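Only one structure is covered here, and it is reproduced in the block below.
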Amino acid sequence: MTFLESGLQLVGLFCFFASNPQISTLGWMRFVGSTGATVVMIGCLLGNQEVRRVYFPQGVFTRSEASTIASSSVERRDARLLVRQGLSAMASDLSVQLGITAGIYLAGVRYGVGQMYQLSAILAAFPQYGIAWVYGVCLAFRIQGSQHLGAGNFAAFRRTFVVCLMCVGMLAVTSVSTLWPFRDSMSYGLAGNACEYASESGCVPVFEGVFGGPEQAGLQEAPWLVFLVAMVAQCFYRVFKAGMYACLDWDFMLKASVGVVLVGSIPAFVIAVLVIDTSTALLVAMFIPFAGLGGAYALRIAHNIKNLGGPRSGRSSAHEILLAHSASSVV
């Protein structure tokens, strides 16, 4: 499907964009490529006899009256369950993104454009210098881990999780060890555009805000150390969150997310702004949710793994409900 989508976009690039180079043309190319690949994928799934037999035993668009009446209450229950679980999973991302967004705007309002630029440059550096490396590992564990738990292969789940932790740990160590010796040159490179502000006297305060001034640390100083620590915290947060997704432990994710915001994030921002009053402290407060949720998820996954195969099988309630529903559907 990826090749098909890319192929349609290449055809549009040479046939339409070359003669009409506009942003709207690029947008239509992207839309047509994604839509075409989606339609073909749906057609392949519906054309597969095995898929139709398992998921649509009575036909794709037809259902018997008895089946409709019997399954209506189950479908309503499942719909409520899916909405609740989706919102619980979303709470984890909202709790960490709330801190980042609040920190950026607080830096701009309280310390000026220079510090806001400084924090934005640091946030822009995370994907290319470390975070992007762990996305594939975490995505694979979400899928494979759920399959292991669903099949009752708890030993494989433990092994897979340990391997993922080792991979993320090695990636984090590699990233920190390769970035720290070049922190000065990399920090100046990230904020190179700010040098334009030094060409006019009225913009010098903005330049000072990025590279350091009378009261704030420059990008190459304390903020860079916070950047490295925050990057490690984000890497492990993502692998532990992938473990929670694999366990389908949505209720705990919701409770932990709300608790971290109330107990960790809000007090951290109050201390950073009213007590310490520096942009570096604000940067630390922005990533408190990552560290807090990472620790909470780690303890929860350790608890789940410890109880795997026990009297209650160690699975979350969501996993048990989904497995029970699948069994009843087959019967």
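Going by the numbering used here, the residue at position 168 of the sequence shown is 1082; the numbering climbs one at a time, nothing skipped. We treat Cβ as the ideally placed atom computed from N, Cα and C, and that holds for glycine. Just so you know, these numbers come straight off a predicted model, no measurement behind them.
In this structure, the straight-line span from the alpha carbon of G1017 to that of L1142 is close to 18 angstroms. In the three-state reduction of the DSSP assignment, N1218 falls in the helix class, which pools H, G and I. Here DSSP, grouped into helix, strand and coil, assigns D1098 to helix.
Collapsing the DSSP output to three states places P935 in coil. Annotation for V1051: the continuous alpha helix (DSSP H) segment containing it runs 1046-1064.
Judged by DSSP in its simplified three-state form, F1201 adopts coil rather than helix or strand. The beta carbon of R1024 lies closer than 7 angstroms to those of V1187 in the same chain, with the five residues before and after it left out. Taking a 10 Å sphere around the C-beta of T1194, we find 16 or more other C-beta atoms and assign the residue as buried.
DSSP, reduced to helix, strand and coil, places Y1019 within a helical segment of the structure shown. The Cβ-Cβ distance between G1157 and I1215 falls below 8 angstroms. For the 8 angstroms CB-CB criterion, L1139 and L1033 do not form a contact. Here V1174 is near P1203, since their CB atoms are less than 8 angstroms apart. When E964, G1044, M1004, A993 are compared, the shortest CA-CA separation from F1150 is found for G1044. Under a 10 Å Cβ-count criterion, F1154 is classified as buried, with 16 or more other Cβ atoms of the shown protein chains found around its own Cβ. One alpha carbon belongs to S1002, the other to F1075, and they sit about 22 angstroms apart.
With a contact defined as Cβ atoms closer than 8 angstroms, L1168 and A1005 qualify at about 5 angstroms.
Residue range 1068-1093 is occupied by the alpha helix (DSSP H) that includes F1075. For the 8 angstroms CB-CB criterion, A1147 and A1205 form a contact. Apart from the 5 residues on each side of it in sequence, F1071 sits with its Cβ closer than 6 angstroms to the Cβ of G1059, H1062, L1063 in its chain, given in chain order. Between F931 and M943, the CB-CB gap stays under 8 angstroms. Sequence-distant Cβ neighbours of G926 in its own chain, meaning closer than 8 angstroms and more than five residues away, are T939, W942, M943, V946, G947. Secondary structure of G1173 (DSSP, three-state): helix. Under a 10 Å Cβ-count criterion, D1007 is classified as exposed, with fewer than 16 other Cβ atoms of the shown protein chains found around its own Cβ. Comparing C-alpha distances from I1180 to each of I1014, V1051, V997, L996 shows the shortest one belongs to I1014. Bounds of the alpha helix (DSSP H) holding L918 are 916-926.
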